[in-house]
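Chemist: At position 258 of the sequence shown (counting the first as 1) the number is 258 in UniProt numbering, and the numbers step up by one without a gap.
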Amino acid sequence: LEARSRSRESSSSRSTSPPNSVDAFANPQRRRRGDTVSSEAPPFANLNLTRTISGASKHRRSTYDDTKSTHTVQSRHSSVQDDVCFPPERDQSKTYLIDFEELEEFVAESHEKTPVAHPFQPPFGKQKTHSEPKIFHDLRASKTNASDSDVTDEKQAMDQIKKTDTSPEIELERVVSHTQYLNRFTFFSSEIDETIHAPELGGLLMPGESFRDLFELGPDGGVWWLDMLNPSEEEVTAICKAFGVHPLTREDIATQETREKVELFRSYYFVCFRSFYQEDPQSEDYMEPINVYTVVFREGLLTFTFCNNPHAANVRKRIGRLRDYVNLSADWICYALIDDIVDAFGPVLRDVEHEADAIEDSVFTARFEDSRLILRQIGTCRKKVMSLLRLLGGKADVIKGFAKRCNEQYSMAPRGDVGLYLSDVQDHVVTMMSNLSHFEKILSRSHSNYLAQISVDNIAQGNKANSLLSRVTVLATILVPLNLVTGLFGMNVRVPGMDGPNLAWWFGIVGFMIIFVAACLLTAWKIGLLADVVPEREEEL
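(1) Taking all protein chains shown into account, decide if Arg-323 is buried (16 or more other Cβ within 10 angstroms of its Cβ) or exposed.
(2) I want to know whether the stretch 263 to 273 touches the stretch 285 to 303 - three or more CB-CB distances under 8 Å.
(3) In the DSSP assignment, what are the bridge partners of Met-513?
(4) What does the Cβ neighbour count give for Ala-504, buried or exposed, with the cut at 16 atoms within 10 Å?
(5) Figure out for me which residue from Gly-320, Tyr-325 and Glu-200 has the closest Cα to the Cα of Ser-110.
(6) In the stretch 177 to 263, which residue ranges form an unbroken alpha helix (DSSP H) of at least 4 residues, counting only runs that do not cross its ends?
(7) Sorted by chain position, which residues of the same chain lie with C-beta nearer than 6 Å to Leu-226's C-beta, five sequence neighbours on each side aside?
(8) Just how far apart, CA to CA, sit Pro-281 and Cys-307?
(9) Express the C-alpha separation of Val-472 and Gly-462 in angstroms, rounding to a whole number.
(10) Per the contact definition of three or more C-beta pairs closer than 8 Å, is the stretch 313 to 320 in contact with the stretch 373 to 388?
(11) Apart from the five residues on each side of it in sequence, which residues of its chain come closer than 8 Å, Cβ to Cβ, to Val-352?
(12) Taking a contact to mean a Cβ-Cβ separation below 7 Å, would you say Phe-304 touches Ile-338 in this structure?
(13) Would you kindly work out how many angstroms separate the C-alpha atoms of Phe-276 and Asp-285, rounded to a whole number?
(14) Sorry if obvious, but does the Cβ on Ser-467 come closer than 6 Å to a heavy atom of the ligand MG?
(15) What's the gap between the Cα of Ser-362 and the Cα of Arg-372?
(16) Helix, strand or coil: how does DSSP classify Ser-467 here?
(17) Ile-338 by DSSP, collapsed to three states: which one?
(18) Suppose you measure from the CA of Tyr-450 to the CA of His-354; what does that come to, to the nearest Å?
(19) Report all residues from its chain with a CB closer than 7 Å to the CB of Asn-183; omit the five preceding and five following residues, and keep chain order.
(20) What would DSSP say about Asn-435, mapped onto helix, strand or coil?
(21) Exposed or buried, Thr-258, counting other C-beta atoms within 10 Å across all chains shown (16 or more means buried)?
(22) Just to confirm the assignment, what range does the alpha helix (DSSP H) spanning Pro-501 have?
(23) How should Val-245 be labelled, buried or exposed, when 16 other C-beta atoms within 10 angstroms of its C-beta is the threshold for buried?
(24) In angstroms, rounded to a whole number, what distance separates the CA positions of Ile-514 and Leu-522?
(25) Please decide whether Lys-383 counts as near chain C, where near means a Cβ-Cβ distance under 7 Å.
(26) For Asp-340, which option in Tyr-325, Ile-319 and Ile-359 has the closest C-alpha, if you only look at C-alpha atoms?
(27) Under 6 Å Cβ to Cβ from Gly-202, same chain only, skipping five residues before and after it: list those, please.
(28) Determine the closest residue to Thr-431 out of Asn-466, Asn-458, Ile-509 and Phe-345, with distance taken between C-alpha atoms.
(29) Is the CB-CB distance between Gln-426 and Ala-396 below 7 Å?
(30) Short check: CB of Tyr-268 to CB of Val-223, under 7 Å?
(31) Using DSSP bridges, identify the partner residues of Tyr-293.
(32) Using the Cα positions of Leu-205 and Gly-218, report the straight-line distance between them to the nearest angstrom.
(33) Check each candidate in Phe-489, Leu-529, Lys-526 and Pro-501 and name the one with the smallest Cα separation from Val-510.
(34) Excluding the five sequence neighbours on either side, which residues of its own chain have a C-beta within less than 8 Å of the C-beta of Val-262, listed in chain order?
(35) So is Val-418 buried or exposed if we call it buried at 16+ other beta carbons inside 10 Å?
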């Protein structure tokens with residue numbers, strides 16, 4: 001990470017927005033602190049609980065102590081603390097209190113737990129890049145004149161091998177690892193010119209910098225944003241404890257609650273919104289749900305995601321474009337995140353629309369041999385529509401309730417102008433839902449029409465086969481009696497005309513058979529047994 005300049009003067013010297021700019025949001029208002037029980041002694045104060053208390057009344061033990069702590073990261077969060085919500089101490093100067101010592105202690109204990117090979121340790125500049133080749137000498141046994149008694153120690157033995165070994169040196173170039181460390185933590189602040197990315201929480205800090213310096217805002221206010229990708233349970237617990245997040249919210253994040261909702265708490269509001277996996281459209285996980293959890297304070301917000309998604313990066317790009325025209329606040333960033341999630345459904349809906357129109361046009365023109373392909377396309381498209389309906393189904397109600405709370409002026413809810421923007425997002429969701437319902441009706445009607453078309457084709461083919469079989473039946477009915485008559489001539493019995501000198505009987509019998517066949521065919525034609533009625537029936541259908 002390059003050196004960052006925390007421009008405290010930049011907040012005051014920053015140019016004001018022009019008169020015709022879009023002043024979407026005003027500066028965040030301070031929340032009125034209600035009376036809490038933090039000043040009173042809790043009834044469980046006498047319990048022997050090993051915990052640390054934030055505030056100036058009691059000092060935390062030193063983070064870097066000579067005696068190593070016997071508690072691991074898992075043991076620090078006991079079952080009692082998971083079930084009990086310890087209220088933070090009151091501070092009249094801030095709307096909420098961040099326990100910076102808790103964060104520093106967690107980072108220190110994480111490094112103590114994995115000091116050598118941390119799976120997400122960033123490659124700092126002090127580490128050596130092994131670019132020069134490393135030489136390994138051949139240690140195979142060779143014949144020497146020296147006896148074992150001349151070798152006194154291991155060093156002399158190695159020197160003797162080097163002197164007597166005449167084989168060429170084997171140069172093995174060290175393979176440089178191309179492992180890319182995943183930046184799981186991203187920090188944005190209006191007081192910093194650039195966004196900070198790090199694979200672990202401690203990597204957000206520069207040497208000699210503390211979390212207080214990182215999260216502290218200027219006198220003119222501002223906003224910070226900590227985005228976390230696939231955090232562990234220990235990291236979620238430590239961060240929620242440091243920021244005073246309610247255990248119910250922490251449980252929803254740790255268990256990856258799937259129900260979309262908005263909950264208001266004393267010092268923040270919690271938003272659970274669902275997106276979908278869109279990195280690789282050819283992947284099997286495409287369109288799979290992704291949960292985005294947002295904890296919004298007045299001065300900043302925390303976001304938790306457990307799968308790669310482009311929403312946070314898109315919002316940061318949007319902030320970079322509108323930074324000089326919009327007064328940033330945590331509520332605006334939360335709105336931008338929700339708006340980006342909803343906008344991500346737009347391209348998918350356009351693809352579904354084109355696919356549904358193509359299927360509808362090809363239903364009556366497809367050949368019978370393409371029935372499997374058409375049915376597979378209809379099934380795949382309907383599955384995609386149902387997935388989108390499942391993802392968008394609860395968003396309209398959530399955003400509607402969220403905007404209603406904004407307009408009712410709750411103490412921790414966003415301001416009314418944010419509710420206006422959320423109403424616009426709600427309109428987009430309702431429009432998408434109506435479009436999906438329309439696409440589902442098109443696909444359902446196309447499916448029924450295609451099945452009916454296949455049924456009609458099967459009936460037509462059956463009628464054609466029946467007509468052909470009826471003709472064969474008529475011919476068989478005519479020829480079977482004649483076969484009986486001709487069969488009698490092949491037997492070793494006496495037949496008429498066998499003693500005669502001419503073939504009059506033979507020609508007479510053959511002529512009778514021909515006349516019989518002609519009469520039968522004419523009769524069948526007259527009654528319609530041999531008429532070609534199949535095309536007429538197909539035209540009627």
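For every residue, glycine included, the Cβ atom is placed at its ideal position computed from N, Cα and C.
Modeler: Taking the structure as given:
(1) Its Cβ having fewer than 16 others within 10 Å, Arg-323 is exposed.
(2) Short answer: they touch.
(3) The beta-bridge partner set that DSSP reports for Met-513 is empty.
(4) It is exposed - the Cβ of Ala-504 has fewer than 16 other Cβ atoms within 10 Å.
(5) Comparing Cα positions, the closest option is Glu-200.
(6) Counting whole runs of 4 or more residues, the stretch 177 to 263 contains the alpha helix (DSSP H) stretches 211 to 215, 233 to 242 and 247 to 254.
(7) Non-local C-beta neighbours of Leu-226 in its own chain, meaning closer than 6 Å and more than five positions away in sequence, comprise Phe-187 and Leu-302, ordered along the chain.
(8) In this structure, the straight-line span from the alpha carbon of Pro-281 to that of Cys-307 is close to 15 Å.
(9) About 15 Å.
(10) Taking 8 Å as the limit for Cβ pairs, the verdict is that the stretch 313 to 320 does not touch the stretch 373 to 388.
(11) Cβ contact annotation for Val-352 (same chain, cutoff 8 Å, sequence separation greater than five): Cys-381, Lys-384, Val-385, Leu-388, Leu-436 and Phe-439, in chain order.
(12) Against a cut-off of 7 Å, the Cβ pair of Ile-338 and Phe-304 comes out as no contact.
(13) Taking the straight line from one Cα to the other gives about 9 Å.
(14) By its list of ligands, the structure shown contains no ligand whatsoever, and the ligand MG lies outside what it can speak to.
(15) Approximately 13 Å, taken between the alpha carbons.
(16) In the structure shown, Ser-467 sits in a helix (DSSP, three-state: H, G or I).
(17) The three-state secondary structure of Ile-338, taken from DSSP, is helix.
(18) Within the model, the alpha-carbon separation for Tyr-450 versus His-354 is close to 18 Å.
(19) Cβ within range, chain order: His-197, Ala-198 and Pro-199.
(20) DSSP places Asn-435 in helix when its eight states are reduced to three.
(21) With fewer than 16 Cβ atoms within 10 Å of its Cβ, Thr-258 is classed as exposed.
(22) Looking at the DSSP string, Pro-501 is not in any alpha helix (DSSP H), and its letter there is neither H nor E.
(23) Label assigned to Val-245: buried.
(24) When the Cα atoms are used, Ile-514 and Leu-522 turn out to be separated by approximately 12 Å.
(25) Although the question refers to chain C, the structure presented lacks it and comprises just one protein chain.
(26) The shortest C-alpha separation from Asp-340 is found at Ile-319.
(27) Excluding residues within five positions, the ones whose Cβ falls inside 6 Å are Val-107.
(28) The shortest Cα separation from Thr-431 among Asn-466, Asn-458, Ile-509 and Phe-345 belongs to Phe-345.
(29) Contact: yes.
(30) Against a cut-off of 7 Å, the Cβ pair of Val-223 and Tyr-268 comes out as no contact.
(31) Answer is Cys-272 and Phe-304.
(32) C-alpha separation (whole angstroms): 18 Å.
(33) Measuring C-alpha to C-alpha distances from Val-510 to each of Phe-489, Leu-529, Lys-526 and Pro-501 identifies Phe-489 as the nearest.
(34) Only Tyr-269, Phe-270, Val-271, Cys-272, Val-398, Gly-401, Phe-402 and Arg-405 meet the Cβ criterion.
(35) Val-418 is buried by the Cβ-count criterion.
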